[in-house]
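Data block below; observations after.
Number of protein chains: 2
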Amino acid sequence: MIASRRNFLTQTALVAGGMLSIPAIVSAVESKKPKKKRLLFPEKGTILFQVDSITDAGREKTKQLPNNADSFGRGYAFIAGAALLDHFSHMAISVYNRGISGNKVYQLAERWDKDCLELKPDLLSILIGINDYWHMRNGNYDGTIEKYETDYRKLLALTKEKLPDISLVICEPFALPGTTAVDNSWVEPVRQYQDVALKLSKEFGAIFVPFQRVFDEAITQAPASYWSPDGVHPSMAGAHLMASAWGKTVLGIEL
Amino acid sequence: MIASRRNFLTQTALVAGGMLSIPAIVSAVESKKPKKKRLLFPEKGTILFQVDSITDAGREKTKQLPNNADSFGRGYAFIAGAALLDHFSHMAISVYNRGISGNKVYQLAERWDKDCLELKPDLLSILIGINDYWHMRNGNYDGTIEKYETDYRKLLALTKEKLPDISLVICEPFALPGTTAVDNSWVEPVRQYQDVALKLSKEFGAIFVPFQRVFDEAITQAPASYWSPDGVHPSMAGAHLMASAWGKTVLGIEL
Numbered sequence: 019m020i021a022s023r024r025n026f027l028t029q030t031a032l033v034a035g036g037m038l039s040i041p042a043i044v045s046a047v048e049s050k051k052p053k054k055k056r057l058l059f060p061e062k063g064t065i066l067f068q069v070d071s072i073t074d075a076g077r078e079k080t081k082q083l084p085n086n087a088d089s090f091g092r093g094y095a096f097i098a099g100a101a102l103l104d105h106f107s108h109m110a111i112s113v114y115n116r117g118i119s120g121n122k123v124y125q126l127a128e129r130w131d132k133d134c135l136e137l138k139p140d141l142l143s144i145l146i147g148i149n150d151y152w153h154m155r156n157g158n159y160d161g162t163i164e165k166y167e168t169d170y171r172k173l174l175a176l177t178k179e180k181l182p183d184i185s186l187v188i189c190e191p192f193a194l195p196g197t198t199a200v201d202n203s204w205v206e207p208v209r210q211y212q213d214v215a216l217k218l219s220k221e222f223g224a225i226f227v228p229f230q231r232v233f234d235e236a237i238t239q240a241p242a243s244y245w246s247p248d249g250v251h252p253s254m255a256g257a258h259l260m261a262s263a264w265g266k267t268v269l270g271i272e273l
Numbered sequence: 019m020i021a022s023r024r025n026f027l028t029q030t031a032l033v034a035g036g037m038l039s040i041p042a043i044v045s046a047v048e049s050k051k052p053k054k055k056r057l058l059f060p061e062k063g064t065i066l067f068q069v070d071s072i073t074d075a076g077r078e079k080t081k082q083l084p085n086n087a088d089s090f091g092r093g094y095a096f097i098a099g100a101a102l103l104d105h106f107s108h109m110a111i112s113v114y115n116r117g118i119s120g121n122k123v124y125q126l127a128e129r130w131d132k133d134c135l136e137l138k139p140d141l142l143s144i145l146i147g148i149n150d151y152w153h154m155r156n157g158n159y160d161g162t163i164e165k166y167e168t169d170y171r172k173l174l175a176l177t178k179e180k181l182p183d184i185s186l187v188i189c190e191p192f193a194l195p196g197t198t199a200v201d202n203s204w205v206e207p208v209r210q211y212q213d214v215a216l217k218l219s220k221e222f223g224a225i226f227v228p229f230q231r232v233f234d235e236a237i238t239q240a241p242a243s244y245w246s247p248d249g250v251h252p253s254m255a256g257a258h259l260m261a262s263a264w265g266k267t268v269l270g271i272e273l
């Protein structure tokens with residue numbers, strides 16, 4: 019098994035609508051290990067996970083070290099980051115998690131220099147949007163879908179301007195009805211945020227990770243609360259499901 | 019991809035020496051999802067990870083909930099547990115982590131009722147031994163290899179007596195020379211502990227997870243310190259490597 023060759027170039031299946039052109043981010047090379055592959059950047063590179071509580075997942079924020087379990091929390095970013103470091107151990111990769119609970123798009127501008135641009139990521143993965151809707155819905159924020167789109171586009175444009183060679187991953191915000199915080203009245207308004215995320219991923223040539231579709235399929239196997247008790251924050255199972263979808267879509271690896 | 023069928027019954031490759039008879043713990047069933055498999059227990063069951071700091075990995079110890087990220091820490095048990103809950107979501111599985119940093123075999127007897135037998139695990143995974151050697155080596159413990167074997171056998175016999183239908187997984191203790199705490203003088207004495215673990219796994223019909231071999235292969239890809247800075251506690255990459263080996267050997271799934 020360990021010595022056999024395998025081809026993991028299967029990431030296209032999860033791409034929303036099958037419409038996006040996906041960068042050939044992974045290419046298999048000859049090796050006795052099935053894991054010997056290369057990322058888009060040739061030998062070394064930096065990967066950054068952003069943005070909100072789903073990414074944060076209780077990470078320590080004093081040292082914020084790369085490739086460090088404490089600095090990664092207990093969510094999908096930890097699992098995906100650990101998988102990345104394991105599968106691409108022959109490369110020199112630094113993985114960071116800079117998610118902060120509660121973040122909405124407008125809050126990113128003020129910390130973007132420190133928490134993104136200065137790290138000079140070769141690959142930036144962003145998951146944002148559910149707080150933009152949720153906090154507006156519960157009266158704690160006066161944002162709109164238009165503000166989400168405008169601010170998100172501005173952030174991506176700035177990032178591309180400062181780091182022209184960056185690879186972008188835009189993750190679809192998601193919500194699971196039938197849970198403690200989410201009911202069916204979320205579906206239509208959340209879809210607007212999802213549509214914006216997809217639209218921006220096309221505009222900026224980003225890889226799109228269709229988390230809503232992934233969870234929609236998962237709830238045919240187990241109830242929504244199994245994957246996310248409140249419908250917003252994933253359980254252990256949900257965190258692995260997300261890491262698995264991220265790994266398959268972005269890296270072409272099975273988790 | 020999602021709709022394709024795959025056969026994951028590949029766990030034999032990692033079995034030490036290829037000599038053990040492995041329970042057919044996983045059997046693929048017809049499904050549109052590649053993940054639809056069954057564990058040894060038919061529809062529901064409890065899985066328990068034990069014993070020391072490598073398993074503990076900073077978990078919270080107040081609530082000690084099953085299937086809960088906080089209660090699982092940031093190590094291989096979190097990744098393997100999350101993968102298990104994701105891949106076997108169609109079953110009703112409770113996964114616990116009851117690892118405690120610094121534990122040696124003799125310390126398990128006093129907490130075994132509460133931290134194992136009362137949970138009635140259908141599958142128990144044990145990783146123990148490195149502290150039995152390390153603490154003896156640095157003069158903080160007067161145990162011997164004989165004591166390790168005697169106490170370990172007693173613990174397993176008690177477990178089998180109280181829970182006759184339990185499936186056992188014995189994980190090989192490991193050490194990586196060329197790191198901050200471990201040098202080559204560890205190799206031979208640690209091998210004695212590994213030999214005992216393998217011997218007991220045969221005696222009790224346990225699945226054996228050969229972590230030393232897994233790390234030995236991994237250091238052909240990246241330095242030992244990449245997988246474990248101190249040679250005992252795994253990094254993020256090392257934690258995923260372990261979870262991956264555990265998943266492949268015990269569950270027949272690729273992580």
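Chains as they are written, first to last, in my numbering: chain A, 19 to 273; chain B, 19 to 273. For every residue, glycine included, the Cβ atom is placed at its ideal position computed from N, Cα and C. Quick caveat, the model's predicted, so the values are computed rather than measured.
1) Quick one: which unbroken alpha helix (DSSP H) runs of 4-plus residues sit fully inside the segment 235 to 266 of chain B? Chain order, please.
2) Which bits of chain B does A:G99 rub up against, with CB to CB less than 8 Å?
3) How big is the Cα-Cα spacing for B:I148 and A:I118?
4) Smallest Cα separation from A:K266: which of A:E235, A:V227, A:Q239 and A:A242?
5) Is any beta-carbon of chain B found at less than 7 Å from that of A:Q239?
6) I believe B:A242 touches B:G196 by the beta-carbon criterion, under 8 Å. Please report the beta-carbon distance rounded to the nearest angstrom.
7) The alpha helix (DSSP H) spanning A:K220 covers which residue range?
8) Near A:L244, what residues of its chain come up, given a Cβ to Cβ distance below 7 Å and the 5 sequence neighbours on each side ignored?
9) Could you pull out every residue in the same chain whose Cβ sits closer than 6 Å to the Cβ of B:E272, ignoring the five residues on either side in sequence?
10) Measuring only between beta-carbons, confirm whether A:S107 sits less than 7 Å from chain B.
11) Show which residues of chain A have a CB atom less than 9 Å away from the CB atom of B:R116.
12) Just confirm the distance between the C-beta atoms of A:Y159 and A:V214, as a whole number of angstroms; I'd bet it's less than 8 Å.
13) Are the beta-carbon atoms belonging to B:H258 and B:I97 less than 7 Å from one another?
14) Per the contact definition of three or more C-beta pairs closer than 8 Å, is the segment 107 to 124 of chain A in contact with the segment 180 to 188 of chain A?
15) In chain order, what residues of the same chain have a beta carbon less than 7 Å from the beta carbon of B:F229, not counting five sequence neighbours either side?
16) CB-CB under 7 Å to A:E61, same chain, minus the five flanking residues each way: which ones, in chain order?
17) Among the residues of its own chain, which have a CB less than 7 Å from the CB of B:K217, if the five just before and after it don't count?
18) Give the secondary structure of A:Q274 by DSSP, where H, G and I count as helix, E and B as strand, and everything else as coil.
19) Closer than 7 Å, CB to CB, is B:L259 near chain A or not?
20) Is it buried or exposed for B:P139, if we count other Cβ within 10 angstroms and need 16 for buried?
21) With 7 Å set as the bound, which would you pick, yes or no: does the beta-carbon of A:E61 sit closer than that to a beta-carbon of chain B?
22) I need the boundaries of the beta strand (DSSP E) containing B:F192, first residue and last residue.
23) With a 10 Å radius around its C-beta and 16 neighbouring C-beta atoms as the bar for buried, classify B:M19 as buried or exposed.
24) Mind pulling the alpha helix (DSSP H) runs of 4 or more residues that sit fully within the segment 66 to 127 of chain B?
25) List the endpoints of the continuous alpha helix (DSSP H) containing B:I184.
26) Can you tell me which of the three DSSP states B:I163 falls into?
27) Could you give the distance in angstroms between the alpha-carbon of A:K220 and the alpha-carbon of B:Q68?
28) Indicate the three-state DSSP secondary structure (helix, strand or coil) for A:V44 in the structure shown.
29) Excluding the 5 residues flanking B:W130 on each side, which residues of the same chain have their C-beta closer than 8 Å to its C-beta?
30) Which of helix, strand or coil does DSSP assign to A:V268?
31) If we cut at 7 Å on Cβ distances, does A:N85 have a partner in chain B?
32) Relative to chain A, which residues along the segment 134 to 154 of chain B have a C-beta separation below 7 Å, given in chain order?
Checking against the coordinates, here is how it stands:
1) Listed in chain order, the complete alpha helix (DSSP H) runs (minimum 4 residues) inside the segment 235 to 266 of chain B are 242 to 245 and 254 to 264.
2) Here residue 99 of chain A refers to the residue found at position 81 of the first sequence. Going along chain B in sequence order, the residues near A:G99 (Cβ under 8 Å) are M254.
3) As a first step, residue 148 of chain B must be located in the second sequence, where it is residue number 130. As a first step, residue 118 of chain A must be located in the first sequence, where it is residue number 100. Roughly 37 Å between the two C-alpha positions.
4) Taking the first sequence and counting its residues from 1, one reaches residue 266 of chain A at position 248. Measuring C-alpha to C-alpha distances from A:K266 to each of A:E235, A:V227, A:Q239 and A:A242 identifies A:V227 as the nearest.
5) Position 221 of the first sequence holds residue 239 of chain A. Closer than 7 Å to some Cβ of chain B, the Cβ of A:Q239 qualifies, so yes.
6) Within the second sequence, the letter at position 224 stands for residue 242 of chain B. Within the second sequence, the letter at position 178 stands for residue 196 of chain B. In this structure B:A242 touches B:G196 by the C-beta definition: roughly 4 Å separates them, less than 8 Å.
7) Here residue 220 of chain A is taken as the residue at index 202 of the first sequence, counted from 1. Annotation: the continuous alpha helix (DSSP H) that includes A:K220 extends over V205 to E221.
8) Taking the first residue of the first sequence as position 1, residue 244 of chain A is located at position 226. According to the sequence shown, residue 244 of chain A is Tyr rather than Leu. Cβ neighbours of A:Y244 beyond the five flanking positions: S253 and A255.
9) Position 254 of the second sequence, counted from the start, is the residue given in the question as residue 272 of chain B. A distance below 6 Å between beta-carbons, with the five flanking residues on each side excluded, links B:E272 to no residue of its chain.
10) Against the first sequence, residue 107 of chain A aligns to sequence position 89. Output row for A:S107: interface = yes.
11) Here residue 116 of chain B corresponds to residue number 98 of the second sequence, with the count starting at 1. Within chain A, no residue comes near B:R116; the closest Cβ sits about 16 Å away, beyond 9 Å.
12) Counted from its first residue, the first sequence places residue 159 of chain A at position 141. Counted from its first residue, the first sequence places residue 214 of chain A at position 196. The Cβ separation is near 16 Å, so there is no contact.
13) As a working note, residue 258 of chain B is residue 240 in the second sequence. As a working note, residue 97 of chain B is residue 79 in the second sequence. For B:H258 and B:I97, yes; Cβs fall inside 7 Å.
14) A contact between stretches requires three or more CB pairs, one per stretch, nearer than 8 Å, and the segment 180 to 188 of chain A fails this requirement with the segment 107 to 124 of chain A.
15) As a working note, residue 229 of chain B is residue 211 in the second sequence. C189, E190, F192, M260 and A263, listed in sequence order.
16) The sequence position of residue 61 of chain A within the first sequence is 43, counting from 1. Cβ within range, chain order: M109 and A110.
17) If you number the second sequence from 1, residue 217 of chain B lands on position 199. Closer than 7 Å at Cβ, skipping near neighbours: no residue.
18) Here chain A comprises residues numbered 19 to 273, so residue 274 of chain A is not present and cannot be evaluated.
19) If you number the second sequence from 1, residue 259 of chain B lands on position 241. At least one CB atom of chain A sits nearer than 7 Å to the CB of B:L259.
20) Numbered from 1 along the second sequence, position 121 holds the residue referred to as residue 139 of chain B. Buried, by the Cβ-count rule.
21) Along the first sequence, read from residue 1 onward, the residue named residue 61 of chain A stands at position 43. No, A:E61 does not count as interfacial toward chain B.
22) Numbered from 1 along the second sequence, position 174 holds the residue referred to as residue 192 of chain B. No beta strand (DSSP E) holds B:F192; DSSP gives it neither H nor E.
23) For the purposes of this step, residue 19 of chain B is taken as residue 1 along the second sequence, with counting starting at 1. Interpretation of B:M19 is limited by its pLDDT of 26, a score under 50 that renders its predicted location unreliable; no figure is taken from the coordinates.
24) The qualifying runs are 71 to 74 and 94 to 105.
25) Reading the second sequence from its first residue, position 166 is the one you call residue 184 of chain B. Run containing B:I184: none; DSSP gives neither H nor E here.
26) Start at 1 with the first residue of the second sequence, and residue 163 of chain B comes out as number 145. Helix.
27) Numbered from its first residue, the first sequence carries residue 220 of chain A at position 202. Numbered from its first residue, the second sequence carries residue 68 of chain B at position 50. Their backbone Cα atoms lie some 47 Å apart in a straight line.
28) Within the first sequence, the letter at position 26 stands for residue 44 of chain A. The predicted model places A:V44 with a pLDDT of 44, which falls under 50 and marks its position as unreliable; any figure quoted below should be read in that light. Three-state DSSP puts A:V44 in coil, outside helix and strand.
29) Position 112 of the second sequence holds residue 130 of chain B. The beta carbon of B:W130 sits closer than 8 Å to the beta carbons of L173, L176 and T177 from its chain, once the five residues preceding and following it are set aside; these are given in chain order.
30) Start at 1 with the first residue of the first sequence, and residue 268 of chain A comes out as number 250. In this structure, A:V268 counts as helix in the three-state DSSP scheme.
31) Reading the first sequence from its first residue, position 67 is the one you call residue 85 of chain A. Proximity of A:N85 to chain B, defined by a Cβ-Cβ separation below 7 Å, is satisfied.
32) Against chain A - using a Cβ distance shorter than 7 Å - the segment 134 to 154 of chain B contributes no residues.
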